[in-house]
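Novice:
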Amino acid sequence: MRLIALLTDFGEKDSYAGVMKGVIHRINPQARIIDLCHQVPPQDVQAAAFILSSSYKYFPRGTIHVIVVDPGVGSGRKIVCLKTLDYLFLAPDNGVLTFIGQKERIERTVEVSNHRYFLEEVGQTFQGRDIFAPVAAHLSQGLELTKLGPGISHIRELEISRAHFSGERLEGEVIYIDRFGNLITNITRDHLKELEGKFPGKKVRIVIGGKEILEVNKFYAQSKPGKPLAILGSSNHLEISLNQGNAQGRLGLDKGEKITIELE
Amino acid sequence: MRLIALLTDFGEKDSYAGVMKGVIHRINPQARIIDLCHQVPPQDVQAAAFILSSSYKYFPRGTIHVIVVDPGVGSGRKIVCLKTLDYLFLAPDNGVLTFIGQKERIERTVEVSNHRYFLEEVGQTFQGRDIFAPVAAHLSQGLELTKLGPGISHIRELEISRAHFSGERLEGEVIYIDRFGNLITNITRDHLKELEGKFPGKKVRIVIGGKEILEVNKFYAQSKPGKPLAILGSSNHLEISLNQGNAQGRLGLDKGEKITIELE
Amino acid sequence: MRLIALLTDFGEKDSYAGVMKGVIHRINPQARIIDLCHQVPPQDVQAAAFILSSSYKYFPRGTIHVIVVDPGVGSGRKIVCLKTLDYLFLAPDNGVLTFIGQKERIERTVEVSNHRYFLEEVGQTFQGRDIFAPVAAHLSQGLELTKLGPGISHIRELEISRAHFSGERLEGEVIYIDRFGNLITNITRDHLKELEGKFPGKKVRIVIGGKEILEVNKFYAQSKPGKPLAILGSSNHLEISLNQGNAQGRLGLDKGEKITIELE
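Chains as they are written, first to last, in the working numbering: chain U, 1 to 264; chain L, 265 to 528; chain G, 529 to 792.
(1) At a Cβ threshold of 8 Å, is Gly181 (chain U) touching chain L?
(2) Could you check whether the Cβ of Arg2 (chain U) sits closer than 8 Å to any Cβ belonging to chain L?
(3) According to the Cβ coordinates, are Ala133 (chain U) and Met20 (chain U) closer than 8 Å?
(4) Excluding the 5 residues preceding and the 5 following Val638 (chain G) in the sequence, name in chain order all residues of the same chain whose CB lies nearer than 6 Å to its CB.
(5) Measuring only between beta-carbons, confirm whether Glu743 (chain G) sits less than 8 Å from chain L.
(6) Would Val376 (chain L) count as contacting chain B if we go by Cβ distances under 8 Å?
(7) What residues from the segment 42 to 64 of chain U come within 9 Å of chain L, judged by C-beta to C-beta, listed N to C?
(8) Enumerate in chain order the residues of its own chain whose CB-to-CB distance from Gly275 (chain L) is below 7 Å, with the five nearest sequence positions on each side excluded.
(9) Per DSSP, what are the beta-bridge partners of Asn246 (chain U) in this structure?
(10) Could you give the uninterrupted runs of the alpha helix (DSSP H) lying entirely in the segment 560 to 602 of chain G, keeping only those of 4 residues or more?
(11) At a Cβ threshold of 8 Å, is Gln102 (chain U) touching chain G?
(12) Among residues of its own chain, excluding the 5 on either side of Leu158 (chain U), which ones have a beta-carbon nearer than 7 Å to its beta-carbon?
(13) If contacts are defined as beta-carbon pairs under 8 Å, then Gly181 (chain U) and Phe323 (chain L) qualify, I think. What distance do you get, rounded to the angstrom?
(14) Examine chain L for any beta-carbon lying closer than 8 Å to the beta-carbon of His25 (chain U), and answer yes or no.
(15) Against Tyr748 (chain G), what residues of chain L qualify as contacts under a CB-to-CB distance less than 9 Å, listed in chain order?
(16) Tell me the start and end of each unbroken alpha helix (DSSP H) in the segment 365 to 416 of chain L that is at least 4 residues and wholly inside, in chain order.
(17) Cα-Cα, which of U:His164, U:Lys57, U:Asn114, U:Gln124 is closest to Tyr87 (chain U)?
(18) Residues in its own chain within less than 6 Å of Val601 (chain G) by CB, not counting five upstream and five downstream?
(19) Where do the ends of the alpha helix (DSSP H) carrying Ala545 (chain G) lie?
(20) Mind reading off the beta-carbon distance from Ser769 (chain G) to Gly387 (chain L)? Whole number of angstroms is fine, and I expect it under 8 Å.
(21) Any idea what DSSP makes of Leu779 (chain G), helix, strand or coil?
(22) Measure the C-alpha to C-alpha separation of Gln405 (chain L) and Pro335 (chain L) and round it to an integer number of angstroms.
(23) Could you check if Phe382 (chain L) is buried or exposed, using at least 16 other CB atoms within 10 Å of its CB as the buried criterion?
(24) By the three-class DSSP mapping on this structure, what secondary structure does His692 (chain G) have?
(25) What does DSSP give as the partner residue(s) for Gly340 (chain L) in the beta ladder?
(26) Going by beta-carbon coordinates alone, are Leu456 (chain L) and Leu502 (chain L) separated by less than 8 Å?
(27) Which whole-angstrom value describes the C-beta separation of Lys488 (chain L) and Asn507 (chain L), a residue pair presumed to lie in contact below a C-beta threshold of 8 Å?
(28) Just to confirm, is the Cβ distance from Gly436 (chain L) to Ile448 (chain L) under 8 Å?
(29) Roughly how many angstroms lie between the CA atoms of Ile634 (chain G) and Lys611 (chain G), to the nearest whole one?
(30) How many angstroms separate the CA atom of Glu384 (chain L) from the CA atom of Gly340 (chain L)?
(31) Taking all protein chains shown into account, do 16 or more other C-beta atoms lie within 10 angstroms of the C-beta of Leu478 (chain L), making it buried, or fewer, making it exposed?
(32) Since Glu196 (chain U) is in the alpha helix (DSSP H), which residue starts that stretch and which ends it?
(33) If the cut is a Cβ gap below 8 Å, which residues of chain L does Phe10 (chain U) touch?
(34) For Asp190 (chain U), which residues in chain L fall below 7 Å Cβ to Cβ?
(35) Under 8 Å, do Gly209 (chain U) and Glu168 (chain U) count as touching if we go by C-beta distance?
(36) 8 Å is my cut-off, CB to CB: does Asp563 (chain G) come that close to chain L?
Right, here's the structure in full:
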């Protein structure tokens with residue numbers, strides 16, 4: 001049976017995520033559900049896209065990734081279901097699958113429109129309960145994607161800020177901040193390799209928020225407690241961190257903050 | 265096997281909810297447990313009653329709804345187990361089942377007093393672990409309600425503020441605020457139908473916190489971002505919301521805030 | 529099959545805990561996982577040690593307790609797996625198992641070093657995903673502890689502040705504060721018995737933060753709402769609490785605050 005992984009901005013304060021699981025179990029009493037995360041900042045489609053992108057491939061083949069971060073709920077936005085070699089993705093068509101579209105070969109995409117697999121009464125405010133949960137439950141029992149609605153050829157994509165070279169400098173920005181205050185940037189392992197390839201053997205000089213960092217660490221404890229450090233984090237993105245501290249709090253920086261790297 | 269759904273004010277900061285699940289699994293290793301919500305504001309019986317009321321019927325038949333929001337723990341308050349056609353409810357007798365008593369036909373209610381189904385040592389501070397969890401585990405394995413203790417004929421009810429007509433005005437108040445800052449009122453779909461029936465074809469005028477709202481929307485995105493709107497939410501209660509924003513934060517309102525609706 | 533219980537400081541804001549569960553299910557699709565707690569304060573090894581100590585024995589025999597509170601991740605610190613009569617504990621060797629070592633007879637301890645049971649690529653920042661999750665999954669399927677690495681004879685222990693007698697006074701301190709603001713001290717039921725044995729029949733006088741409390745209550749509601757009270761909590765530690773209130777907020781106290789008890 002297919003595993004269901006839930007990624008929402010429902011938080012844990014209310015029963016929204018719990019109710020989704022109730023609905024899933026009503027249809028498939030044997031369902032196996034994993035909470036990927038429910039604390040996406042409210043309506044932050046870009047944060048959800050990043051979390052999904054750095055997480056989905058750690059799940060078993062066949063997993064149904066259900067994403068409900070959906071500021072347009074009840075409006076004309078579509079709901080889509082997308083199949084890759086290993087996974088199904090069920091999400092509003094608002095760009096939250098942007099990175100999946102870039103990283104994976106998409107085998108098929110359908111618009112989710114067949115009311116047969118929805119709850120009987122579908123409201124305009126909580127379609128996580130009324131549409132996403134029952135559709136996921138049916139998929140987990142083996143329902144074919146094509147039963148959900150007509151095929152479509154495109155999904156919406158977010159305009160994602162990408163790190164880029166400007167002369168000899170690599171310029172990026174902070175795109176996500178985690179619980180530990182790690183500032184995760186859009187500079188990836190590949191960018192660093194490219195920089196290294198252009199200027200082999202030179203030393204890095206990282207500038208962010210007026211601070212200078214002169215190396216890329218291998219692990220957090222390699223730096224003195226309380227000192228800012230740069231590290232390739234678990235998602236293969238460059239992070240600015242503080243050993244045993246909170247870089248966001250200490251440096252007073254936020255999403256969108258610019259970061260540059262030079263070699264010298 | 266019966267599903268167990270947990271609704272508590274234990275939060276996620278500590279291991280209280282996790283320990284309850286450990287105890288359940290010690291008795292029933294095959295138990296299936298869903299977290300309905302653990303973030304009820306501490307000791308807020310009324311909030312728990314509302315969350316339960318808007319959630320319970322989305323669970324499979326046979327689900328055991330376990331509610332541990334229990335300011336009177338260890339005192340003389342009873343623990344009750346209540347059976348309706350579709351569900352069991354296990355809760356302190358403090359009014360948290362008020363709406364269940366109003367909405368459902370109750371087939372039987374017992375006082376939970378048979379120590380045989382409790383942990384061996386029962387303390388006075390964490391009966392979620394010592395009583396609720398083991399009793400729920402036994403129920404999930406098919407234990408008959410009547411084994412838990414003697415039948416009782418009444419449960420305690422909260423005094424719930426209800427919306428009501430005052431002349432041509434419908435008067436209500438905010439009873440719950442969710443993660444998104446939606447202000448959920450005690451005005452329901454039925455109240456609005458009644459108002460509409462009394463004054464057919466007239467336009468609504470909603471006043472809350474000095475703001476005026478002149479229609480009831482169908483979905484959040486129907487309004488401009490940042491503008492207050494009124495909407496029939498997922499629990500069939502009227503909500504004051506902000507498209508892509510937080511109504512509570514923006515309007516500076518709290519639980520208990522009055523709301524009035526007139527037709528003109 | 530062995531149950532897996534997770535205790536981490538990953539929080540719920542990100543997908544770290546969810547990704548661990550994805551990895552576990554990739555290896556063992558039938559895995560049963562319980563979240564003991566993910567809200568340990570970041571890198572607070574002592575808080576994790578206390579939570580574990582007051583929780584582990586409520587889980588079924590055979591449970592694998594996985595603890596990922598790991599400020600030294602990626603550095604030279606070891607990962608250990610420890611077997612007691614009833615449980616397995618998988619944790620960084622940073623003292624988080626201190627109380628387990630004191631309370632339980634340890635049958636065997638190994639250093640977890642066999643890469644065969646890790647993810648193929650092991651990074652230096654998220655070993656919860658790369659090492660702890662896959663090792664736990666293999667253990668849940670019956671893998672022998674001894675396959676993980678060589679036996680070791682010692683684990684690191686924290687220096688734990690213990691309550692102690694100073695003349696006729698028992699001196700302790702606050703070691704943990706829970707969601708309800710209960711101030712949990714290192715004074716245990718055994719300390720109180722010892723005090724009672726030394727001075728039978730005398731009355732207690734508890735002093736904390738300049739406040740005086742003159743009895744030990746049996747349950748929260750035994751005191752007036754809003755009045756500080758002392759109570760033997762669910763972990764058999766003395767707690768300072770407020771009936772229907774938050775003692776931490778009201779008294780303005782924090783971890784490390786001194787408490788003394790005299791009999792008079």
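Just so it is clear, CB atoms sit at the ideal spot from N, CA and C, and this is done for glycine as well.
Specialist: In this structure, then:
(1) Looking up residue 181 (chain U) in the first sequence gives position 181. Not closer than 8 Å to any Cβ of chain L, the Cβ of Gly181 (chain U) fails to qualify, so no.
(2) Mapped onto the first sequence, residue 2 (chain U) falls at position 2. No, its Cβ sits nowhere closer than 8 Å to a Cβ of chain L.
(3) On the first sequence, residue 133 (chain U) is found 133 positions in, with the first residue counted as 1. On the first sequence, residue 20 (chain U) is found 20 positions in, with the first residue counted as 1. It is a contact, given that the beta carbons lie within the stated cut-off.
(4) In the third sequence, counting from the first residue as 1, residue 638 (chain G) sits at position 110. Counting only Cβ-Cβ distances below 6 Å, and skipping sequence neighbours, we find Cys609, Leu673, Leu676, Gly677, Gly679.
(5) Translated into positions along the third sequence, residue 743 (chain G) becomes position 215. No, its Cβ sits nowhere closer than 8 Å to a Cβ of chain L.
(6) Of the chains in the structure shown, none is chain B; the protein chains are U, L and G.
(7) Pro42, Gln43
(8) On the second sequence, position 11 is the one that residue 275 (chain L) refers to. These residues qualify, in order along the chain: His302, Gln303.
(9) Residue 246 (chain U) sits at position 246 when you count from the first residue of the first sequence. According to DSSP, Asn246 (chain U) bridges with nothing at all.
(10) 573 to 583
(11) Within the first sequence, residue 102 (chain U) is the residue found at index 102, counting from 1. Not an interface residue.
(12) Taking the first residue of the first sequence as position 1, residue 158 (chain U) is located at position 158. Hits under 7 Å: Val45, Gln46, Ala49, Gly95, Thr98.
(13) In the first sequence, residue 181 (chain U) corresponds to position 181, counting from 1. In the second sequence, residue 323 (chain L) corresponds to position 59, counting from 1. The pair is not a contact, with the Cβ atoms about 38 Å apart (cut-off 8 Å).
(14) The residue you call residue 25 (chain U) lines up with position 25 of the first sequence. Chain L contact via Cβ: present.
(15) What you label residue 748 (chain G) is simply residue 220 of the third sequence in a count that begins at 1. Under the 9 Å cutoff, chain L gives Pro335, Gly336, Val337, Gly338, Ser339, Gln388, Thr389.
(16) 397 to 404
(17) Here residue 87 (chain U) is taken as the residue at index 87 of the first sequence, counted from 1. Looking at the Cα atoms, U:Lys57 is the closest of the given residues.
(18) What you label residue 601 (chain G) is simply residue 73 of the third sequence in a count that begins at 1. Cβ within range, chain order: Gln655.
(19) For this step, residue 545 (chain G) is matched to residue 17 along the third sequence. It spans 544 to 555 - the alpha helix (DSSP H) in which Ala545 (chain G) sits, taken as one unbroken run.
(20) As a first step, residue 769 (chain G) must be located in the third sequence, where it is residue number 241. As a first step, residue 387 (chain L) must be located in the second sequence, where it is residue number 123. Not a contact, Cβ separation roughly 14 Å.
(21) One-based indexing of the third sequence puts residue 779 (chain G) at position 251. Of the three classes helix, strand and coil, the one that applies to Leu779 (chain G) here is helix, per DSSP.
(22) Reading the second sequence from its first residue, position 141 is the one you call residue 405 (chain L). Reading the second sequence from its first residue, position 71 is the one you call residue 335 (chain L). If you take the alpha carbons of Gln405 (chain L) and Pro335 (chain L), they lie about 29 Å apart.
(23) Residue numbering aside, residue 382 (chain L) sits at position 118 when the second sequence is read from its first letter. That one is buried.
(24) Within the third sequence, residue 692 (chain G) is the residue found at index 164, counting from 1. Residue state, collapsed to three classes: strand.
(25) Within the second sequence, the letter at position 76 stands for residue 340 (chain L). Gly340 (chain L) is not bridged to any residue.
(26) As a working mapping, residue 456 (chain L) is identified with position 192 in the second sequence. As a working mapping, residue 502 (chain L) is identified with position 238 in the second sequence. Result yes, Cβ atoms of Leu456 (chain L) and Leu502 (chain L) sit closer than 8 Å.
(27) Working through the second sequence from its first residue, we reach residue 488 (chain L) at position 224. Working through the second sequence from its first residue, we reach residue 507 (chain L) at position 243. The Cβ separation is near 7 Å, so the contact holds.
(28) Your numbering for residue 436 (chain L) matches position 172 in the second sequence. Your numbering for residue 448 (chain L) matches position 184 in the second sequence. Result no, Cβ atoms of Gly436 (chain L) and Ile448 (chain L) do not sit closer than 8 Å.
(29) As a first step, residue 634 (chain G) is located in the third sequence; it is residue number 106 there, counting from the start. As a first step, residue 611 (chain G) is located in the third sequence; it is residue number 83 there, counting from the start. So the two alpha carbons sit approximately 6 Å from each other.
(30) Translated into positions along the second sequence, residue 384 (chain L) becomes position 120. Translated into positions along the second sequence, residue 340 (chain L) becomes position 76. Cα to Cα, the separation comes out at about 20 Å.
(31) Mapped onto the second sequence, residue 478 (chain L) falls at position 214. With fewer than 16 Cβ atoms within 10 Å of its Cβ, Leu478 (chain L) is classed as exposed.
(32) In the first sequence, counting from the first residue as 1, residue 196 (chain U) sits at position 196. It spans 189 to 198 - the alpha helix (DSSP H) in which Glu196 (chain U) sits, taken as one unbroken run.
(33) The residue labelled residue 10 (chain U) in the question sits at position 10 within the first sequence. The answer, in chain order, is Arg443.
(34) Along the first sequence, read from residue 1 onward, the residue named residue 190 (chain U) stands at position 190. In chain order: nothing, as chain L lies at least about 34 Å away.
(35) The count along the first sequence starts at 1 and reaches residue 209 (chain U) at position 209. The count along the first sequence starts at 1 and reaches residue 168 (chain U) at position 168. The answer is no: Cβ separation not under 8 Å.
(36) Numbered from 1 along the third sequence, position 35 holds the residue referred to as residue 563 (chain G). Closer than 8 Å: yes.
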